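Peer 1: Which chain is which? The protein sequence lines are A, B and C, in order.
Under our numbering, the first residue of the first sequence carries the number 220, and numbering increases by one thereafter.
Under our numbering, the first residue of the second sequence carries the number 7, and numbering increases by one thereafter.
Under our numbering, the first residue of the third sequence carries the number 11, and numbering increases by one thereafter.
Take a look at the following structure, please.
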Amino acid sequence: MRYETVIGLEVHVELATDSKIFCSCANRSGDEQNSHVCPACCGMPGMLPVTNKRAVDLGMTAGMMLNCHINRTTTFDKKSYYYPDLPGSYQTTQWFSPVAVNGTVRIETENGPKDIRVKQIHMEEDAGKLVHDTLSNTTLVDFNRTSVPLIEIVSQPDLSSADEVVAYLERLRSLLRFAKVSECRMELGTMRCDVNLSIRPEGSDKLGVRTEMKNMNSISAIRRAIAYEVDRHIDAIENGTEELVQETRRWDDEKGMSFAMRNKETAGDYRYFPDPNVMPIVIDDEWYGRIQGTLPPFPEVKKQQLIDQGLTEYDADLLTQSRVLCDCYDAAFAASGLAKECANWIATNCLSILKKNGQTMDDLEIDGDRLGQLVKLVGDGVVSNANAKKILEVMFEEDVDPKAYAEANDMIVSNDTDAVMDVIRGIVAANEKDANDFRGGNEKAINPLFGKCMKELKGNCAPQQLREMLIACIMEG
Amino acid sequence: MSLLINKAQETAGKPVVLEDLVLTTAMPTTGGSKMLDGYMSLFDAEVVAKLEAAGYGIAGKANIGEFGFDLMGETSYFGACENEAGALVSAASQLLSASEAQAVVGLDVNGVQRRAAAQAGQVCVKPTYGTVSRFGTIAVVCSGEAVCVSANTAAEAQDVLSAIAGHDDKDGTSLPQAVCEKVKTPAELAHKKIALAKSLTAAADEAVKSCIDAFVAFAQDAGFTVEEIDDALLVAARPAWNVLMSSELCNNVSRFDGVKYGYRSANAETIDDLYTNSRTEAFGELLKNTILFGSEMLSEENYMPRYDKSLRMRRVVVEEFARLFGEYDAVLMPACSKMAYTPAEVAADKFLCFKENMFTAPASIAGLPAVVAGGVQLVGPAFSDAALLALAGQFDAASKTPVACEASEEVR
Amino acid sequence: MNKEILVRLEKLNQLRLTEEQEAETLAFFAEREADMAIVDAVDTQEVERMVHVMPLENVLREDRAIEPFEREALQAGAPAAEDGYWQVPRTVD
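Okay, here's the thing in structure tokens:
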């Protein structure tokens with residue numbers, strides 16, 4: 220028998236705020252355990268929640284990017300269960316009136332475009348992290364992540380293959396990154412995905428037994444987990460290897476298997492009720508309009524704009540992977556009018572400095588307008604390419620004006636051709652052997668002469684022009 | 007037993023005692039529970055800062071029942087308090103009687119301070135919800151509890167209320183400053199009419215009724231008309247309040263699990279053992295019953311018919327009060343059914359606090375100000391706190407009704 | 011309400027009652043249930059639920075991080091802590 224797979228996703232995305240959702244601790248991952256915690260996010264009595272406005276802004280932004288209806292009155296509720304990563308033994312979430320409902324996300328499949336329905340997006344606080352200490356056989360609790368703002372994007376069971384799941388996740392990632400809702404980095408846990416999966420005979424409209432899988436932290440792990448789980452379900456149905464039950468399972472990527480969880484969370488009776496300490500959030504037209512005004516174009520629309528400006532598909536694709544890069548490019552282009560050059564400076568020079576600093580594209584902080592000025596200085600032949608790279612390195616450290624910096628540091632290309640020719644003559648005279656080799660047909664022999672000239676000129680000469688003058692000087696001598 | 011759980015080394019300023027749901031850095035805060043025996047807060051409650059800024063000094067912490075929702079402190083891990091006559095009393099009212107404090111500031115979770123003030127012939131004000139910050143109080147029933155003030159006189163209670171009322175950014179339910187200011191100055195009681203809650207009064211004994219009678223006489227002398235009203239909807243507040251209180255309590259005390267602070271059982275081999283044994287060993291019986299009941303009221307099956315129904319009932323009570331305040335300045339009712347509870351009575355019926363709170367639940371569920379003086383309770387519209395206190399103060403000073411005095415003599 | 015539900019409730023709330031306490035709790039539930047009759051008698055079909063007694067909305071704060079609390083202070087009262095972590099028996103998931 221042939222089967223079809225029915226998949227719905229619950230995607231958790233950490234919001235890119237500076238502080239947590241209900242207390243003012245920093246929202247920062249990767250730091251030392253329990254270094255961003257306070258009595259509130261440690262579950263101590265006496266603290267009261269006050270909601271982070273930016274988190275609500277970003278929740279709305281996500282809803283709008285995914286074509287959702289925004290609930291104009293949205294409220295928070297308490298969900299109760301015991302687990303050591305949940306310091307209050309309850310999670311504040313949105314059960315009764317989530318921020319956004321009824322959206323769609325269009326993905327490309329081999330059969331053409333397909334709309335995946337989004338049931339809802341709700342805001343909630345994240346839980347802490349548990350570290351299992353095998354030596355002492357204990358579990359260690361870190362509350363840094365506790366109360367970090369999350370959105371949970373719940374899809375309808377509209378996905379029917381691992382490919383579609385991946386396409387959906389990549390689409391979500393692209394949209395949310397472009398709207399600066401989140402960095403959506405699965406490897407850092409800022410994007411996490413639970414897979415609800417069942418199978419049924421092809422053409423049947425009856426849903427099979429559904430299992431929920433957690434703990435996949437990469438796209439490839441999700442592919443493996445789906446393949447494994449589909450096989451397990453088919454095996455159970457066809458060969459009776461086991462009885463399928465509705466349950467939550469944990470994916471173990473090392474073992475390549477999923478295991479039933481006996482987690483408190485699976486108990487299910489969460490006893491939701493409206494949080495008396497959090498007042499309703501009422502989104503008026505002004506607020507709604509303000510968020511709408513901040514929405515970026517969809518990444519593919521922006522990409523086409525960039526291609527129309529003359530960029531290659533590759534560069535346009537790269538720049539639209541990050542709103543930060545894209546904004547920087549837009550500013551640089553506006554300042555210089557040099558589309559390809561600006562894209563090139565960002566895609567190669569900027570990214571390589573970021574990489575050297577161990578940073579990602581979203582960490583780019585330089586002023587796009589000033590980058591444009593720098594690119595223009597090179598384009599106009601005022602600063603050499605080599606010196607411009609040096610200036611760029613400085614711009615990563617401090618916010619300097621490129622022209623002023625070039626002037627102050629003797630990095631302006633000399634227009635005095637006589638002076639340049641004097642330098643060239645001196646170098647050629649002092650290196651007769653290389654000049655003779657060149658005259659004798661060894662083209663490589665010009666390189667040391669060129670380097671010496673450039674050094675003497677402190678790089679303040681257009682390379683092509685220098686080369687031409689050098690050749691002329693050698694040949695006439 | 008112990009009145010003061012902790013005593014300050016020295017107190018600068020007019021002494022105020024805090025009930026032990028109010029967090030302090032200078033002394034432990036226990037909530038009356040073994041779970042928090044010796045618990046040190048890392049921050050002071052907002053009311054502590056406000057009291058100190060107004061020249062009060064924290065003299066110590068008064069014993070209370072476990073998480074403050076019982077009848078008269080009988081569930082405290084540190085022992086119940088009895089007076090010489092063998093009646094249960096609150097530590098706070100005993101301290102006031104002995105003039106150890108000018109006022110006691112506590113958290114009115116389920117009316118114990120109002121009952122205690124009525125029985126001791128003292129004054130208690132549970133202010134309008136949102137006018138005094140709850141930041142730094144151990145949360146039990148967030149939707150209805152309020153920081154309250156007890157004192158020997160209405161004037162002293164007003165002074166302390168004026169010191170602690172005000173907006174606080176750290177409490178998301180705190181009202182704007184301009185609104186909070188209203189509880190500091192009495193507005194005119196314009197209707198010159200007071201409603202007497204008929205069946206609530208009928209539910210009290212003769213001693214309490216005579217206090218009510220005395221107030222009626224006083225009010226009439228002062229130019230008020232007193233009319234008996236049908237209070238069926240106010241009576242119906244209690245079961246709804248019990249549901250809301252129990253469910254919120256269940257959720258709020260779930261943070262006490264033996265993981266982060268407080269009591270952890272020695273038998274904690276597994277995480278479930280840690281949770282279950284810590285909570286089973288550290289929590290008292292009334293608390294356990296209340297947690298289980300509150301949990302069940304939030305189950306999928308009961309949420310709509312019980313919890314949601316109680317939230318609707320809250321609106322019914324709020325609207326009923328609003329209707330009454332269209333005609334009356336305040337509703338007069340008892341704060342308790344009798345002038346003393348004995349330990350034997352409470353031992354025989356451990357759940358009395360879920361019944362005696364019929365008098366305190368209406369104001370609690372509706373977040374309205376309630377003032378107790380001379381053995382009676384006045385509930386007024388939002389922000390009428392000062393006006394109620396002024397009227398109650400006149401009553402208290404002018405009459406000190408013979409019956410009320412006798413009653414409090416008796417229990418001493 | 012019955013014993014079976016009660017046992018489930020105990021588990022859900024991490025409590026364990028003795029037989030005697032369970033009997034008492036069942037009596038407590040019965041009493042509360044009986045109380046509800048007067049609430050049930052009030053028709054609330056057209057009444058909107060009221061979570062908050064005060065009509066505040068949009069109580070929000072700006073997204074600004076503050077200095078964290080000192081970890082040592084936060085863990086001073088911890089029943090068990092190790093290397094800056096709170097410590098519990100090994101959880102199984």
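Backbone N, C-alpha and C fix where the C-beta goes; we use that ideal spot for every residue, glycine too.
These numbers were taken from a predicted model, which means no experiment stands behind them.
Give, in chain order, every residue of the region 40-65 of chain B whose Cβ lies closer than 7 Å to some Cβ of chain A.
Peer 2: Going along the region 40-65 of chain B in chain order, one finds S47, L48, F49, A51 with a Cβ nearer than 7 Å to chain A.
Peer 1: Under 9 Å Cβ-Cβ, which residues of chain A neighbour E67(C)?
Peer 2: One-based indexing of the third sequence puts residue 67(C) at position 57. Within chain A, the residues near E67(C) are T292, M498, P499, I500, V501.
Peer 1: With the cut-off set at 9 Å, would you say C154(B) and R121(B) are in Cβ contact?
Peer 2: Here residue 154(B) is taken as the residue at index 148 of the second sequence, counted from 1. Here residue 121(B) is taken as the residue at index 115 of the second sequence, counted from 1. Going by C-beta atoms, C154(B) is not nearer than 9 Å to R121(B).
Peer 1: Give me the DSSP bridge partner(s) of K622(A).
Peer 2: Here residue 622(A) corresponds to residue number 403 of the first sequence, with the count starting at 1. None, per the DSSP bridge assignment.
Peer 1: Does R81(C) have its Cβ less than 9 Å from a Cβ in chain B?
Peer 2: As a first step, residue 81(C) is located in the third sequence; it is residue number 71 there, counting from the start. Not closer than 9 Å to any Cβ of chain B, the Cβ of R81(C) fails to qualify, so no.
Peer 1: Exposed or buried, which one is P516(A) when buried takes at least 16 other CB atoms within 10 Å?
Peer 2: Locating residue 516(A) in the first sequence gives position 297, where the first residue counts as 1. With fewer than 16 other Cβ atoms within 10 Å, it is exposed.
Peer 1: By alpha-carbon positions, which one of A104(B), V146(B), F327(B) ends up nearest to Q128(B)?
Peer 2: Locating residue 128(B) in the second sequence gives position 122, where the first residue counts as 1. Out of A104(B), V146(B), F327(B), A104(B) has the C-alpha closest to the C-alpha of Q128(B).
Peer 1: If we count the other Cβ atoms within 10 Å of its Cβ and call it buried at 16 or more, is Y533(A) buried or exposed?
Peer 2: Taking the first sequence and counting its residues from 1, one reaches residue 533(A) at position 314. By the neighbour-count rule (16 or more Cβ atoms within 10 Å), Y533(A) is not buried but exposed.
Peer 1: According to the neighbour-count rule (16 or more other Cβ atoms, all chains shown, within 10 Å of its Cβ), is F73(B) buried or exposed?
Peer 2: In the second sequence, residue 73(B) corresponds to position 67, counting from 1. Under this definition F73(B) is a buried residue.
Peer 1: Counting only Cβ pairs nearer than 9 Å, list the residues of chain A close to K176(B).
Peer 2: The residue you call residue 176(B) lines up with position 170 of the second sequence. Here the neighbours are M266, L267, V269.
Peer 1: At a CB-CB cut-off below 9 Å, which residues of chain A make contact with D53(C)?
Peer 2: Against the third sequence, residue 53(C) aligns to sequence position 43. None at all; the shortest Cβ gap to chain A is about 22 Å.
Peer 1: How long is the line joining the alpha carbons of P306(A) and A91(B), rounded to whole angstroms?
Peer 2: If you number the first sequence from 1, residue 306(A) lands on position 87. If you number the second sequence from 1, residue 91(B) lands on position 85. Looking at the two C-alpha atoms, the distance is approximately 45 Å.
Peer 1: Would you say N248(B) reaches chain A, if we count a Cβ-Cβ gap shorter than 9 Å as a contact?
Peer 2: Translated into the one-based positions of the second sequence, residue 248(B) becomes position 242. False, the Cβ-Cβ gap to chain A never drops below 9 Å.
Peer 1: Look at the alpha carbon of C186(B) and the alpha carbon of M46(C), and state the distance between them as a whole number of angstroms.
Peer 2: Your numbering for residue 186(B) matches position 180 in the second sequence. Your numbering for residue 46(C) matches position 36 in the third sequence. Approximately 35 Å between the Cα atoms of the pair.
Peer 1: Would you kindly work out how many angstroms separate the C-alpha atoms of R411(A) and E457(A), rounded to a whole number?
Peer 2: The residue labelled residue 411(A) in the question sits at position 192 within the first sequence. The residue labelled residue 457(A) in the question sits at position 238 within the first sequence. Cα to Cα, R411(A) sits roughly 32 Å from E457(A).
Peer 1: Here's the rule: buried if 16 or more other CB atoms are within 10 angstroms of the residue's CB, otherwise exposed. What is S355(A)?
Peer 2: As a position in the first sequence, residue 355(A) is number 136, starting the count at 1. Burial call: exposed.
Peer 1: Any idea which residues DSSP pairs H341(A) with across the strands?
Peer 2: Reading the first sequence from its first residue, position 122 is the one you call residue 341(A). For H341(A), which the question treats as bridged, DSSP gives the partners E371(A).
Peer 1: Looking only at its chain, what residues have a beta carbon closer than 8 Å to the beta carbon of F315(A), apart from the 5 residues adjacent to it on each side?
Peer 2: What you label residue 315(A) is simply residue 96 of the first sequence in a count that begins at 1. Contacts found: T294, D296, Y491, P493.
Peer 1: Grab me the residues of A246(B)'s own chain with a C-beta within less than 6 Å of its C-beta, minus the 5 sequence neighbours each way, in chain order.
Peer 2: Within the second sequence, numbered from 1, the residue matching residue 246(B) stands at position 240. These residues qualify, in order along the chain: S316, M319.
Peer 1: Bridge partners for S477(A) per DSSP, in chain order?
Peer 2: Locating residue 477(A) in the first sequence gives position 258, where the first residue counts as 1. Answer is W470(A).
Peer 1: Over the uninterrupted alpha helix (DSSP H) stretch that includes R285(B), give me the two end residues.
Peer 2: On the second sequence, position 279 is the one that residue 285(B) refers to. Counting along the chain, the alpha helix (DSSP H) containing R285(B) begins and ends at 277-288.
Peer 1: Measuring straight from C-alpha to C-alpha, what distance separates V464(A) and I289(A)?
Peer 2: Locating residue 464(A) in the first sequence gives position 245, counting from the first residue. Locating residue 289(A) in the first sequence gives position 70, counting from the first residue. Distance between the alpha carbons of V464(A) and I289(A) is about 35 Å.
Peer 1: Rounded to the nearest angstrom, how far is the Cβ of P368(A) from that of A274(A), given a contact under 8 Å?
Peer 2: Locating residue 368(A) in the first sequence gives position 149, where the first residue counts as 1. Locating residue 274(A) in the first sequence gives position 55, where the first residue counts as 1. Yes, P368(A) and A274(A) are in contact; Cβ-Cβ is about 4 Å, under 8 Å.
Peer 1: For the structure I just gave you, are there three or more beta carbon pairs, one from the region 461-478 of chain A and one from the region 150-164 of chain B, closer than 8 Å?
Peer 2: Segments in contact, no.
Peer 1: What are the boundary residues of the beta strand (DSSP E) that M410(A) is part of?
Peer 2: By 1-based counting over the first sequence, the position of residue 410(A) is 191. Segment 410-420, the beta strand (DSSP E) holding M410(A).
Peer 1: Can you give me the start and stop residues for the alpha helix (DSSP H) that D641(A) sits inside?
Peer 2: Working through the first sequence from its first residue, we reach residue 641(A) at position 422. Taken as a continuous stretch (DSSP letters only), the alpha helix (DSSP H) holding D641(A) covers 636-649.
Peer 1: Among the candidates Q511(A), A558(A), W506(A), I510(A), whose CA atom is the shortest distance from the CA of Q524(A)?
Peer 2: Taking the first sequence and counting its residues from 1, the one referred to as residue 524(A) is at position 305. Out of Q511(A), A558(A), W506(A), I510(A), A558(A) has the C-alpha closest to the C-alpha of Q524(A).
Peer 1: Could you check whether the region 19-30 of chain B touches the region 627-647 of chain A, counting it as contact only if at least three pairs of C-beta atoms, one from each stretch, sit closer than 8 Å?
Peer 2: Touching, no.
Peer 1: Any beta carbon of chain C sitting closer than 9 Å to that of L349(A)?
Peer 2: Taking the first residue of the first sequence as position 1, residue 349(A) is located at position 130. With 9 Å as the cut-off, L349(A) counts as an interface residue toward chain C.
Peer 1: Could you confirm whether any beta carbon from chain A is found closer than 9 Å to the beta carbon of T137(B)?
Peer 2: One-based indexing of the second sequence puts residue 137(B) at position 131. With 9 Å as the cut-off, T137(B) does not count as an interface residue toward chain A.
Peer 1: Scan the region 529-560 of chain A for residues whose Cβ lies nearer than 8 Å to a Cβ of chain C and list them as they occur along the chain.
Peer 2: So nothing in the stretch comes that close.
Peer 1: So with CB distances below 7 Å, who are the chain B contacts of R364(A)?
Peer 2: On the first sequence, position 145 is the one that residue 364(A) refers to. Residues of chain B passing the Cβ test: none, with the nearest at roughly 15 Å.
Peer 1: Give the range of the alpha helix (DSSP H) segment to which N604(A) is assigned.
Peer 2: Mapped onto the first sequence, residue 604(A) falls at position 385. First-last of the alpha helix (DSSP H) with N604(A): 604-616.
Peer 1: How big is the Cα-Cα spacing for V54(B) and I70(B)?
Peer 2: Taking the second sequence and counting its residues from 1, one reaches residue 54(B) at position 48. Taking the second sequence and counting its residues from 1, one reaches residue 70(B) at position 64. Approximately 18 Å, taken between the alpha carbons.
Peer 1: Where do the ends of the beta strand (DSSP E) carrying C154(B) lie?
Peer 2: Locating residue 154(B) in the second sequence gives position 148, where the first residue counts as 1. Segment 152-157, the beta strand (DSSP E) holding C154(B).
Peer 1: Of the choices A59(B), G61(B), A68(B), F360(B), whose alpha-carbon is the least far from that of M33(B)?
Peer 2: For the purposes of this step, residue 33(B) is taken as residue 27 along the second sequence, with counting starting at 1. With distances taken between Cα atoms, M33(B) lies closest to A68(B).
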